[in-house]
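Numbering (our numbering), first residue to last: 43 to 182.
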């Protein structure tokens, strides 16, 4: 750029001005992209920290708008391949279904039915939903 700019200006001042304008546009666009990337990364980190806190506090899928599952889903909207969020969703599902199993062992049918209803909404493609449904039906 140090050599190119003076040489371009000497050869054709219009092309020199065009080059200066393009360099300025590149600098502005690069700055904006870097800033947005940093902001998105900061948001992902905040959401992951919140999701972990919700998970540790036992807020797996409720209350609505303030739970681990939704926080991990928000991370995945920003970064679909985020390994930590994918693992977090898996951990939430595992603990959710383990909790439902414990409730079933304790004979708390109403709570198991509530877990089943939530599971059908949140995890419709998980095989454990059908397993939970069949457990409930076998106790009737």
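Note that the Cβ used here is the ideal one computed from N, Cα and C, for glycine as well.
Bear in mind that the values here come from a model prediction, so they are computed numbers and not experimental data.
Report yes if the C-beta distance between residue 65 and residue 97 is below 8 Å; otherwise report no. In the chain shown, residue 65 corresponds to position 23, counting from 1. In the chain shown, residue 97 corresponds to position 55, counting from 1. No, Cβ-Cβ distance for residue 65 and residue 97 is not below 8 Å.
Could you please give the first and the last residue of the uninterrupted alpha helix (DSSP H) stretch that includes residue 176? Within the chain shown, the letter at position 134 stands for residue 176. Note, residue 176: alpha helix (DSSP H), 169–180.
Figure out for me which residue from 172, 56 and 151 has the closest Cα to the Cα of residue 161. Along the chain shown, one-based indexing puts residue 161 at 119. Nearest to residue 161 by alpha-carbon distance, out of 172, 56 and 151, is 172.
Just to confirm the assignment, what range does the alpha helix (DSSP H) spanning residue 72 have? Taking the chain shown and counting its residues from 1, one reaches residue 72 at position 30. For residue 72, the enclosing alpha helix (DSSP H) stretches over residues 55–98.
Below 8 Å between beta carbons: does that hold for residue 164 and residue 103? Within the chain shown, the letter at position 122 stands for residue 164. Within the chain shown, the letter at position 61 stands for residue 103. Remark: C-beta atoms of residue 164 and residue 103 approach each other more closely than 8 Å.
Is it right to say residue 91 is buried, meaning 16 or more other beta carbons lie within 10 angstroms of its own, or is it exposed? Translated into positions along the chain shown, residue 91 becomes position 49. With fewer than 16 other CB atoms across the displayed protein chains lying within 10 angstroms of its CB, residue 91 is exposed.
Express the C-alpha separation of residue 79 and residue 114 in angstroms, rounding to a whole number. One-based indexing of the chain shown puts residue 114 at position 72. One-based indexing of the chain shown puts residue 79 at position 37. The alpha-carbon separation between residue 114 and residue 79 amounts to approximately 19 Å.
Thinking residue 139 and residue 174 are a contact (beta carbons under 8 Å), I'd like their distance in whole angstroms, please. Translated into the one-based positions of the chain shown, residue 139 becomes position 97. Translated into the one-based positions of the chain shown, residue 174 becomes position 132. Indeed they touch by this definition, with Cβ atoms about 7 Å apart.
Who are the Cβ neighbours of residue 170 in its own chain at under 7 Å, not counting the five residues just before and after it? As a first step, residue 170 must be located in the chain shown, where it is residue number 128. Only 139 meet the Cβ criterion.
If the criterion is Cβ atoms closer than 8 Å, does the pair residue 127 and residue 117 meet it? The sequence position of residue 127 within the chain shown is 85, counting from 1. The sequence position of residue 117 within the chain shown is 75, counting from 1. Yes, they are a contact pair.
Between the alpha carbons of residue 155 and residue 111, how many angstroms are there, rounded? Here residue 155 refers to the residue found at position 113 when the chain shown is read from its first residue. Here residue 111 refers to the residue found at position 69 when the chain shown is read from its first residue. Cα-Cα distance, rounded: 20 Å.
May I have the straight-line CA-CA distance separating residue 68 from residue 82, to the nearest angstrom? For the purposes of this step, residue 68 is taken as residue 26 along the chain shown, with counting starting at 1. For the purposes of this step, residue 82 is taken as residue 40 along the chain shown, with counting starting at 1. Cα-Cα distance, rounded: 21 Å.
Which residues bound the alpha helix (DSSP H) around residue 104? Translated into the one-based positions of the chain shown, residue 104 becomes position 62. Going by DSSP, residue 104 is part of no alpha helix (DSSP H) at all; its letter is neither H nor E.
Residue 181 versus residue 74: straight-line alpha-carbon distance, rounded: Taking the first residue of the chain shown as position 1, residue 181 is located at position 139. Taking the first residue of the chain shown as position 1, residue 74 is located at position 32. In this structure, the straight-line span from the alpha carbon of residue 181 to that of residue 74 is close to 60 Å.
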